[in-house]
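In short: position in the sequence shown from 1, add 4, done, that's our numbering.
No residue lacks a Cβ here, since even glycine has one placed at the ideal position from N, Cα and C.
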Amino acid sequence: MTTTRPDTKTTLDHLLTEIEHRNPAQPEFHQAAREVLETLAPVLAARPEYAEPGLVERLVEPERQVVFRVPWQDDRGRVHVNRGFRVEFNSALGPYKGGLRFHPSVNLGVIKFLGFEQIFKNALTGLGIGGGKGGSDFDPRGRSDAEVMRFCQSFMTELYRHIGEHTDVPAGDIGVGGREIGYLFGQYRRITNRWESGVLTGKGAGWGGSLIRPEATGYGNVLFAAAMLRERGEDLEGQTTVVSGSGNVAIYTIEKLTALGANPVTCSDSSGYVVDEKGIDVDLLKQVKEVERGRVGTYAERRGASARFVPGGSVWEVPADVALPSATQNELDAEGATALIRNGVKAVSEGANMPTTPDAVHLLQSAGVAFGPGKAANAGGVAVSALEMAQNHARTSWPATRVEDELAAIMTNIHTTCHDTATRYGAPGDYVTGANIAGFERVADAMLAQGVI
């Protein structure tokens, strides 16, 4: 292991202080930046060119931040005003790529944290995509299709001027699924008079979308968890697993776990969580959440005696071999991690973006739990988005088997890259360090090659 230069840590600490000063009241962004920068000292010491003044400072400053008003009219004729965001963080490796999130919790700090994470996640895929993120504090829950359409049309009326298949390619995230992508794409096409299918990913399979894209984040996370277990001489078959969330990522995490012989026994939403000793019935969960847009309590009512609904509480109290947080940021805290460790958890793999607090990550790693950070473990979604872009450029559509094979190869490569990089820098088994440094090296090399821009 290379000895860290005495001034490297001091320099990074100073930069973190500067980030907090320049970006006040943005705790999520501060957390994301700290999590990355605290692992970079070894690589900055080993590669002096990375430590040159200005490189890391440019990396933590977005290339562009767009904030705009989104006025829209509800079904009663009342006008509402929401705020829209797009943070184009880093394009050294390719066009900005990252989802749109529609949720009341969205603010500039949340979007910046997501965009910063996206830089490294996209770099780890090995595909030519930069990092960005966007969204709005609009809440689609409880709104009619017509209201969601009017909001999406208003949102795209401003966003369209900032995006393009060679510039910035948004996708879905929390609150933005196939319905929203359809409305957004329709408005983009209407305004620009172009069939530019590569401008958005997550489209319907019949009009430019890729097969396996809806499943990709959940499937990829399970594949990463399986790779971590294989590294320890185990596999997923027969393992009891807990999954948080009940949206797209959680549903397809559960589906893939079941396919690989594991037993996923939980799902959750903001109302509480379900424990199903027979294993979550993914078809019933899809019906309740995707078709009816209902709550997980309804799943428990229909499932019968094997399932029970727990209002509130913590899904991490349920004993499991593997945990896959798949809901939202900072959902797994120190108390939850302590419960998982007490109950013998072997691996935690993040399906959501930064769902584990720093204290919880430290506890899990100290206890010898294999921990897969989101920027590596949930990169399958953006990887298949990039494959969707490739299909759009070629005006073709790949069969599901090809896309799934490509996804499996990418996730295996991400695991290997993170594992080997951590070992190379003296932190064997530390996937956080491995992911951060591997992503950083790829982006930093491109930034150095392209000059001071």
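With 16 or more other Cβ atoms inside 10 Å of its own Cβ, T245 counts as buried. Within the region 96-152, the runs of beta strand (DSSP E) that reach at least 3 residues and sit entirely inside it are, in chain order, 100-106 and 134-140. Linking A231 to H166 through their CA atoms gives a straight-line distance of about 38 angstroms. Rounded to the nearest whole angstrom, the CA to CA distance from D172 to A311 is 44 angstroms. Exclusion of the five residues before and after F142 leaves N86, F106 and F155 as the residues of its chain whose Cβ lies within less than 6 angstroms of its Cβ. When DSSP states are grouped into helix, strand and coil, Y435 belongs to the helix group.
When secondary structure is reduced to three states using DSSP, H170 falls in the coil class, being assigned neither helix nor strand. Comparing alpha-carbon positions, the option among L41, E65 and R26 lying closest to D17 turns out to be L41.
G249 and A398 have their alpha carbons spaced roughly 35 angstroms apart. Taking a contact to require three or more Cβ pairs closer than 8 angstroms, the region 403-413 and the region 429-439 do not qualify as touching. Under the DSSP assignment, Q369 falls in the alpha helix (DSSP H) whose first and last residues are P362 to S370. Residues of the same chain with a CB within less than 8 angstroms of the CB of V74, apart from the 5 flanking positions on each side, are V85, N86, R87, G88, S140, F142, F155, S158, F159 and E162 in chain order. Distance check between P268 and each of W199, V300, T21 and D325 places D325 closest, using alpha-carbon atoms only. An exposed status is given to I457, since fewer than 16 other beta-carbon atoms sit within 10 Å of its beta-carbon. Of the residues assessed, H419 falls on the buried side of the cut-off, its CB having 16 or more other CB atoms within 10 angstroms. When the beta-carbon positions are compared, E296 and L264 stay at least 8 angstroms from each other.
Annotation: G301 is outside any beta strand (DSSP E); the continuous alpha helix (DSSP H) that includes it extends over V300 to R307. When beta bridges are read from the DSSP output, T270 appears opposite V279.
When secondary structure is reduced to three states using DSSP, Q35 falls in the helix class.
One thing to note: K379 has its Cβ within 8 angstroms of the Cβ of G443. Following the DSSP letters along the chain, one finds G210 in no beta strand (DSSP E), marked with neither H nor E. In this structure, DSSP gives L452 a helical state, which the three-state scheme calls helix.
Assigned with DSSP and collapsed to three states, Q77 falls in strand. Under the DSSP assignment, T245 falls outside any alpha helix (DSSP H), being part of the beta strand (DSSP E) whose first and last residues are T244 to V247.
For the options V152, M358 and Q30, the alpha carbon positioned closest to that of A331 is the one of M358. Secondary structure at D337: coil, using DSSP grouped into helix, strand and coil.
Within 10 angstroms of the beta-carbon of G237 lie fewer than 16 other beta-carbons, which makes it exposed. Shortest Cα-Cα distance from V110 to any of K13, L328, L344 and G138 involves G138. A383 sits close to K125, with the two beta carbons spaced by under 8 angstroms. Taking the C-beta atoms as reference points, F120 is found no nearer than 8 angstroms to F189. DSSP, reduced to helix, strand and coil, places A327 within a strand of the structure shown.
The residue from N396, L63 and A453 with its alpha-carbon nearest to that of G210 is N396. Here the alpha carbons of D449 and V386 stand approximately 21 angstroms from one another. With respect to the 8 angstroms criterion, V407 and S214 are classified as neighbours on the basis of their beta carbons. Contact between the region 60-80 and the region 91-105 is present, with at least three C-beta pairs closer than 8 angstroms. Per DSSP, the beta bridge partners of S353 are G376.
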